[in-house]
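To convert, note that position 11 of the sequence shown is 15 in our numbering; the numbers rise steadily by one, no gaps.
This report concerns only the one structure given below.
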Amino acid sequence: MALCRSTSVLLRCNLTKAFTCRSLCSSSRLQLPTEKVTHTGQVFDKGDYRALRYVDREKEVNDKFAIDLVHEEPPTEVDGRNVWCDGGGGHWTSKSLH
């Protein structure tokens, strides 16, 4: 019985290290990460019918959230009505329509 219990504890510790997760509860059951969470916090429970769209395929979540990208490169305010980019170097031009 003691050997079984110690093996279970070792297995649990190894799984925790492998998935770099930490249990915040006192439950003896280990839950492994199975679903990615979106920037809005969307995550479906196991029995939720909305999760059917991800059957036999992986849920694709963009890791680059718009709010983070805006903080990295803030928008530049211009006087014109039209703005465009030539595709290189971050240079921009504007043209006012009259």
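We put the beta carbon where it would ideally sit given N, CA and C, even for glycine.
DSSP-derived helix/strand/coil call for residue 41: Residue numbering aside, residue 41 sits at position 37 when the sequence shown is read from its first letter. It is coil, neither helix nor strand.
Under 8 Å by Cβ, that's how I've got residue 65 and residue 42 pegged, so tell me the actual separation to the nearest angstrom. As a working note, residue 65 is residue 61 in the sequence shown. As a working note, residue 42 is residue 38 in the sequence shown. Yes, they are in contact, since the Cβ atoms of residue 65 and residue 42 sit about 5 Å apart, within 8 Å.
Taking Cβ to Cβ, would you say residue 40 is nearer than 8 Å to residue 68? By one-based count along the sequence shown, residue 40 stands at place 36. By one-based count along the sequence shown, residue 68 stands at place 64. Result no, Cβ atoms of residue 40 and residue 68 do not sit closer than 8 Å.
What three-state label does DSSP hand residue 72 in the structure shown? The sequence position of residue 72 within the sequence shown is 68, counting from 1. It is helical.
Any Cβ of chain C within less than 8 Å of the Cβ of residue 40? No chain C appears in this structure, which consists of one protein chain only.
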